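Residue numbers (our numbering): 1439 to 1514. The structure appears right after this line, and notes come after that.
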């Protein structure tokens, strides 16, 4: 199930499926390591989303996060 990053919960592990953002935002996210297929953890989902990819934590505004589509990773 693919959902916007804004609908995730704190502590949830997700995989980025699609960056449906304007070109300049997509380029910047790629530079920061947020690319299609990468896994990360939602650290905070308040006004802005804090999304950890590898050792980097990205602060993403809610309007931008709505355009980042992710799928939950089942952790067993």
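Where is the CB? At the ideal position from N, CA and C, for every residue including glycine. Here the structure is a predicted model, which means the values were calculated and not measured.
Between residue i and residue j, what straight-line distance do the alpha-carbon atoms span, to the nearest angstrom?
i	j	result
residue 1478	residue 1449	10 Å
residue 1455	residue 1442	10 Å
residue 1512	residue 1440	13 Å
Quick one: what's residue i bridged to in DSSP?
i	result
residue 1499	1486
residue 1510	1452
residue 1478	1452
residue 1491	1494
Which of the three DSSP states, helix, strand or coil, is assigned to residue i?
i	result
residue 1443	helix
residue 1448	coil
residue 1467	helix
Beta-carbon separation of residue i and residue j under 7 Å?
i	j	result
residue 1482	residue 1488	yes
residue 1491	residue 1452	no
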